[in-house]
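Q: Take this structure first; my questions come after.
In UniProt numbering, the protein residues as written are 1 to 334.
Structure representation (structure tokens):
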């Protein structure tokens, strides 16, 4: 049984790796002919460019139908033409916006279509106000059921291209702290990987600190599951370099723009993590969606193509995951 499962994973890894390389080669060939570009709207000004922070906050505090402050989500409002306001909770000892830092970084270093960051405003309450462009289009979670198989593959190829950019252009160094790309050290917040019982993990100063933390969690999970000391699982470890990850790459955070571009929004859980974290986060989110009867046909099968077939890492994660429900004594060492 174990052998058959191993052979299946090996075969699938080979197939997905081959398909990924073919897609990358085709993408590189196109890149030789057509220069990498970003949506034209990214170079246009915003109506709020001339507004002061006070004016933006004042408009954001207004209520009433006549003010045209249309509620998009619980924390997002349409502020002006093509501009939205989003409130992000921040901690007093970590006064920096994860999403604002991510949007600025991804816009500067890649050509991935993301909402253009227009302003970041810190208010007295534990909230950061982010003003960004509003992307007109259809959310992928709504559009997916009506897409043809070729249209779904096109979306998957675009997402693979974006993930590839993040890993090539936003690689961490030995001094890059895991977690948000803010200028100050922040704790890691990625519920799709770390779980939601304990809100944050860290902060960690280095990738080695993160690896040490995961090893402690893994060892604790082995004890919880009463795995015999001589079992080979005890020797397994996952040590990886850091790349920039979205960590919430699900259909509801992807927009098929009216301009023809595939956009990625909601970077609030993003940060520098091992590449396989992105795969685990996507698979876990897809499983949760399936349990809520929000199954997107073929989506789960496309995940290994989009961000790589990290089957063995995912199995290691599942052996470790029960350890995330506990705050270990050594947790605060990092």
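We put the CB at the ideal spot given by N, CA and C, even for glycine. None of the values given here were measured: they were computed from a predicted structure.
Would DSSP call residue 13 helix, strand or coil?
A: Residue 13: helix per DSSP, three-state reduction.
Q: Between residue 119 and residue 136, what straight-line distance do the alpha-carbon atoms span, to the nearest angstrom?
A: 19 Å
Q: Return the chain-ordered ranges of every beta strand (DSSP E) run that is complete within the region 20-90 and spans a minimum of 3 residues.
A: Within the region 20-90, the complete beta strand (DSSP E) runs of at least 3 residues are 70-73, 76-80 and 83-89.
Q: Since residue 274 is in the beta strand (DSSP E), which residue starts that stretch and which ends it?
A: 271-274
Q: Tell whether a beta-carbon distance below 9 Å holds between residue 344 and residue 245.
A: Outside the modelled stretch of the chain, which goes from 1 to 334, sits residue 344, for which no answer is possible.
Q: Would you say residue 180 and residue 101 are within 9 Å of each other, going by their C-beta atoms?
A: yes
Q: If you measure between the beta carbons of residue 103 and residue 251, is that distance less than 9 Å?
A: no
Q: Helix or strand or just coil, what does DSSP make of residue 174?
A: coil
Q: So residue 114 is in the beta strand (DSSP E); what residue range does that whole segment cover?
A: First-last for residue 114: undefined, no H or E at that position.
Q: Taking the alpha helix (DSSP H) that residue 222 falls in, what are its first and last residues?
A: 207-224
Q: Taking residue 57 as the reference, which of 115, 320 and 121 has the closest Cα?
A: 121
Q: Look up residue 122 in the DSSP assignment and say whether it is helix, strand or coil.
A: strand
Q: Spatial neighbours of residue 286 within its chain, please: C-beta separation below 8 Å, excluding the five flanking residues on both sides.
A: 250, 296, 299, 300 and 303
Q: Taking the C-alpha atoms as reference points, what is the distance between residue 147 and residue 32?
A: Counting only the Cα atoms, residue 32 lies some 29 Å from residue 147.
Q: So what does residue 244 bridge to, in DSSP terms?
A: 272
Q: Since residue 160 contacts residue 23 with CB under 8 Å, what's their CB separation in whole angstroms?
A: 6 Å
Q: May I ask you to verify whether the region 302-317 touches the region 270-284, counting CB pairs closer than 8 Å and requiring at least 3?
A: yes
Q: How many Å lie between residue 253 and residue 138 at the Cα?
A: 11 Å
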